[in-house]
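Taking the numbering used here, I'd label the letters of the sequence shown as residues 6 to 106. From the three backbone atoms N, C-alpha and C, an ideal C-beta is built for every residue, glycine too. What follows is a set of notes on a single structure, which appears directly below.
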Amino acid sequence: QSLGPWNNIFERKWKAERPLRFCRNRKGWKHRTCPYIGCYHILKTEVQLEKHVRNHAHHGKRKRKSTSLSKQTQRKSTRLSKQTQRKSASLGKQTENQVIS
6 QSLGPWNNIF ERKWKAERPL RFCRNRKGWK HRTCPYIGCY HILKTEVQLE
56 KHVRNHAHHG KRKRKSTSLS KQTQRKSTRL SKQTQRKSAS LGKQTENQVI
106 S
């Protein structure tokens, strides 16, 4: 019986954190996994955590920019396809007029 994708995410997170239960660095900072959903990277220091979270934020911004760019290119392509349809329609009318006369 499958309980859905969330169950898989929690199970994977639990499996990734299981070996880290009692691990600490010299300063007493507890080892942990990344707080982002679906990322199970093991972080052993606060500095690693900060860098890793910054990396997630950076990639999130890049993805948003790329999707907005892809939407812009889609708009351009639809605009161009409409223009070509108009041109072909006007050319078709011109050839019909020439055949009739």
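For ARG17, the enclosing alpha helix (DSSP H) stretches over residues 10 to 22. Residue pairing by DSSP places LEU48 opposite ARG37 in a beta bridge.
For the pair ASN12 and HIS61, the Cα-to-Cα distance works out to about 23 Å.
In the three-state DSSP reduction, ARG26 falls in the coil class, being neither helix nor strand. Contact annotation, LYS18 with THR50: C-beta distance approximately 20 Å; criterion of less than 8 Å not satisfied. DSSP places GLY43 outside both helix and strand once states are collapsed to three, so it counts as coil. For LEU48, the number of other beta carbons within 10 angstroms of its own is at least 16, and it is reported as buried.
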